[in-house]
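Quick note on numbering: numbering that gives the first Met the number 0 labels position 299 of the sequence shown as 298, and the sequence is numbered without any gaps.
A short worksheet on the structure shown next.
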Amino acid sequence: MSKIIFFAQPTVGHTNAMLNIAVKLKGLGHDIKFIVPIAEKMSPKILDKMPNFIKTSLAIPEKIKANGIDYISMDIPIKQGLGFWVLPLAKGFEETQFAVKVFSTSLYKYSKEVEKIVLDEKPDAIVNDFFFIAPYIVAEKYDIPCITIYHSGLPFSGKGIPPFGSGLAINGQWGWKGKLYYILSKHNRKLVTKRYKKACRKMAISDIKDFDLYKPYSKWLNLLLTAKEIEAPREIDNDNTIYVGPRSSDKIIYSKENFPFEVLKSNTPKIYVSLGTVFNNKPKVFKKILCGLEKMDYKVIVSAGGAYENLINYGFDDNILIFKSVPQLEILKKVDLVISHGGNNTINETLAAGKPIIAMPIGGEQGDNASKIEYLKVGKRINVWNFSMKEILEKVKMILNEPIYKENAEKIRKILNKMDGVNNSAELINWVAENKKTISLRS
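Now the structure itself:
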């Protein structure tokens, strides 16, 4: 058996996906370590001003430990922490570009911290989140097999694909905005490559390989936790990048026994509303959605998260059922439509359940996911910053009344149900760790 170290950035979505794979490998008998840099040493005053995903990340170590995986602590560098502080001020494409800059800062400092752990633990393989570049740098220095995880195909370009993070329509007419976004994206790519090469030189790596964050960069193995059928055509020109399928989730916050599933037995259309685990404290957005739906003959299930206390006493009609959290995978099987922020996990889980989606992107990759939803014709998008109750109701009626959305989602469900991203990933990582060889689709 092999010793394998996982490195993930401090976001719940990215960590959950990789944690499931780690648990599977642990079950196969491998020695697994998991590292997520979090703000352990930040003062409470500074931490209180951090975005929600940093605060949420503080609970990640306990979740890792609860799954029987050894957690190794690593603190977020001050410079990167300050970047996280400013990140919520950006929106849309600007947020994605700024996030790339933040995640690629302090590369040398991170690499030195990773190096200490690697020299102490002596792993047979490293598994890194594609946004966590430092572990890859250390793997290159010591020629350790490195498997890079991509949570979707969004970073990769292709014909008709807009710049990563832009949220522009696939195969659309982008005009001046598209041209500007391409220029800014190209500049950012060059910046990350420059930072990577500088960190490599300081780490005394003599043979510095080409590096592009928006192309599969591991020479050993790149795993895409998605399927070609739920991506727009992507240009991937190497033989060691594999679509393994979306992960099987362990994300059941509520136990099945505590949720009143009997309320879902009626024949009325059922709608599930969730804005994810990070951006969910948006009571005004929730209220506008729910006010648009409450007078209709719909049963609406709401996973309110941070907005729960604000919503529960608002006085909605009885067809609006508000919970702080729900067993999402079980709910998705029983509803007819999902209204979501458009995060990778929720999108994949919804499509795996064969349900159409209304995407209301708030930040990060969600705008691109909303474009993908419309490209696949499994739903519609709504501008979360500028929408009306009338628009919500019109698009809900459209999707429920026009069979094409349900039919397309059901086609995707049948494809995804034949795939298992966790098992596939575990098998491939196991092979690379034990054989110390690259995997090629041509071999």
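Beta carbons: idealized from backbone N, C-alpha and C, even for Gly.
Item	Value
Local conformation of S254 per DSSP, three classes	Low confidence applies to S254: its pLDDT is 44, below 50, so where it sits in the model is not reliable enough to give any reading.
6 Å CB neighbourhood of V459 in its chain, flanking five on each side removed	This structure cannot settle anything about residue 459, because the visible part of the chain is limited to 0 through 442.
Selected residue, minimal CA-CA separation from G366, among N343, F386, P215 and P355	N343
Nearest candidate by alpha-carbon position, reference I321, set I403, K298, L183 and F131	K298
Where R194 sits in the DSSP three-state scheme	helix
Residue from K2, L81 and P76 with nearest C-alpha to I125	K2
Stretch pair the stretch 233-247 + the stretch 267-276: three plus CB contacts closer than 8 Å	no
Residue from L328, K287 and G341 with nearest C-alpha to F315	K287
Meets three-Cβ-pair contact criterion under 8 Å: the stretch 205-214 and the stretch 178-195	yes
DSSP state of S248 mapped onto helix, strand, coil	With a pLDDT of only 48 at S248, under the threshold of 50, the placement of this residue in the model should not be trusted; the figure read from the coordinates follows. Of the three classes helix, strand and coil, the one that applies to S248 here is coil, per DSSP.
First and last residue of the uninterrupted alpha helix (DSSP H) at A408	P402 to L415
Enclosing beta strand (DSSP E) for G82 [first to last residue]	Here G82 belongs to no beta strand (DSSP E); instead the alpha helix (DSSP H) covers I77 to V85.
Any non-hydrogen atom of the ligand HEM closer than 7 Å to K436 Cβ	Summarising the ligand content, the structure contains no ligands, and the ligand HEM is consequently not present.
Rounded straight-line distance, which links the Cα of Y70 to that of Y404	42 Å
Close Cβ partners of Q79 (< 7 Å) along its chain, the five nearest in sequence each way excluded	V101, T104 and S105
Straight-line gap, T192 to H29 (C-alpha atoms, nearest Å)	33 Å
DSSP bridge partner residues for N30 (one or two, in chain order)	It should be pointed out that residue 30 corresponds to Asp in this sequence rather than to Asn. DSSP, once it has assigned bridges, lists K2 as partnering D30.
CA nearest to the CA of K218, picked from N257, D238 and K227	D238
Cα-Cα separation, T445 to S424	This structure cannot speak to residue 445, because the chain is shown only from 0 to 442.
Exposure label - L223; buried when at least 16 CB within 10 Å	buried
Straight-line Cα distance separating I204 from L328	45 Å
A124, enclosing alpha helix (DSSP H) - first and last residue	Note, A124: premise wrong, no alpha helix (DSSP H); beta strand (DSSP E) at A124 to D128.
Exposure label - I346; buried when at least 16 CB within 10 Å	buried
Nonlocal neighbours in the same chain, by C-beta distance under 7 Å from A21, ignoring five residues either side	F5, I31, F33 and I68
Proximity winner among K269, G166, Y109 and A168, relative to R194 (alpha-carbon distances)	Y109
Residues that T240 bridges to, as DSSP identifies them	N221
Pair within 8 Å by beta-carbon distance, L167 and P161	yes
Same chain only: Cβ atoms within 7 Å of W173, ignoring 5 sequence neighbours per side	P161 and L167
Assigned exposure category for R380 - 16 Cβ within 10 Å defines buried	buried
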